[in-house]
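Asks:
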Amino acid sequence: MKAFLFELCVETLLAAQAAEQGGADRIELCERLDIGGVTPGEKLISETIQALSIPVHVLIRPRGGDFVYSAAEFDLMKQQVNRIKQSGAAGVALGVLQGDGRVDVARSRELAELARPMKVTFHRAFDRSPEMGEALEAVISTGADCLLTSGGAPNVLAGAKQLKMLVKQAGGRIQIMAGGGLKLASMVEVLQQTGLRCLHGSLTRRAGERFPKSVISDLTNGQASILEDDVRTAVRLMQGHFAAEMI
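Sequential numbering of the sequence shown, starting at 6, is according to my numbering.
#1: What are the start and end residues of the alpha helix (DSSP H) that includes Phe79?
#2: How many angstroms separate the CA atom of Ala111 from the CA atom of Ala249?
#3: Excluding the 5 residues flanking Gly186 on each side, which residues of the same chain have their C-beta closer than 7 Å to its C-beta?
#4: In chain order, which alpha helix (DSSP H) runs of at least 4 residues are fully inside the region 162 to 188?
#5: State the beta-bridge partners of Thr154 as determined by DSSP.
#6: Compute the Euclidean distance between the alpha carbons of Thr199 and Gly138, then round it to the nearest angstrom.
#7: How big is the Cα-Cα spacing for His205 and Phe9?
#8: If we count the other Cβ atoms within 10 Å of its Cβ and call it buried at 16 or more, is Ile181 buried or exposed?
#9: Let me check understanding here. Comparing Cα to Cα, which of Arg68, Leu18, Ile54 and Gly28 lies closest to Asp39?
#10: To which residues of the same chain is Val220 closer than 6 Å at the C-beta, ignoring the five residues directly before and after it?
#11: Can you round the beta-carbon distance between Leu116 and Val86 to whole angstroms, since I take them to be within the 8 Å contact cut?
#12: Give me, in chain order, the residues of the same chain whose beta-carbon lies closer than 6 Å to that of Glu16; leave out the 5 immediate sequence neighbours on both sides.
#13: With DSSP collapsed to three states, give me the class of Thr238.
#14: In the DSSP assignment, what are the bridge partners of Arg31?
#15: Assuming Ala98 is part of the beta strand (DSSP E), what are its boundary residues?
#16: Could you tell me which of Asp105, Gly104, Phe127 and Gly106 sits nearest to Arg114, measuring between CA atoms?
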């Protein structure tokens with residue numbers, strides 16, 4: 006069994022292909038990363054699933070902004086889950102909050118149950134919760150398989166202490182995946198400080214940044230791009246960390 010999991014968040018087919026070729030274990034597919042991501046269109050979902058051999062997880066989020074949804078928005082989310090399940094995706098990332106920032110267990114559980122047999126990740130809506138320990142128990146009660154979080158901090162390195170506490174509290178009841186502001190330069194430090202085995206990142210570069218020749222990129226209209234070389238570097242760093250851990 007592999008010692009770690011590395012998930013790439015992507016918003017184009019080319020980025021998804023770069024993620025796979027670089028050695029990512031799976032992707033989270035979305036659109037509009039500039040506003041935190043929304044559910045991608047059916048065409049992109051279908052093309053990506055057909056093109057990739059690694060698991061494709063799809064974000065369920067009808068709009069940017071908060072995670073408190075109207076009845077109409079929640080109905081749309083249920084429709085999105087059903088469409089994505091029919092598309093052959095391996096999983097979904099979702100999350101619903103109450104007006105006070107606490108996890109909406111009933112609605113999140115309803116979506117999670119609807120999504121089966123796909124895998125379910127409760128996404129970074131969690132990081133808006135007022136109390137992390139209470140929120141973790143709520144997420145576990147939704148039936149989600151995985152929790153994606155930065156530990157409530159602006160980035161995973163800043164949230165490392167809280168992430169370590171969440172791992173301890175979870176006690177194997179749910180997979181904890183660190184995500185949010187992940188950088189190649191601090192990946193190993195995050196792993197060392199948290200004891201985590203699962204990381205999530207976008208590793209995006211913007212137009213105007215320096216790109217090596219081996220780039221698969223999507224720089225039209227200033228869109229962010231994932232570099233195969235960066236993904237490969239990230240995977241190598243994780244491999245090296247866990248290899249050293251076993252010595």
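All residues carry an ideal CB built from backbone N, CA and C; glycine is no exception. This structure is a prediction, so every number in the text was calculated from the model and none was measured.
Replies: On the basis of the data shown:
#1: Ala76 to Ser92
#2: 42 Å
#3: Ser155, Pro159, Asn160 and Val161
#4: 165 to 175
#5: Ala183
#6: 16 Å
#7: 11 Å
#8: buried
#9: Arg68
#10: Only weak support exists for where Val220 lies, its pLDDT of 39 falling under 50; the coordinates are left without a value.
#11: 6 Å
#12: Cys35, Glu36 and Leu38
#13: helix
#14: Glu12
#15: Gly96 to Leu99
#16: Phe127
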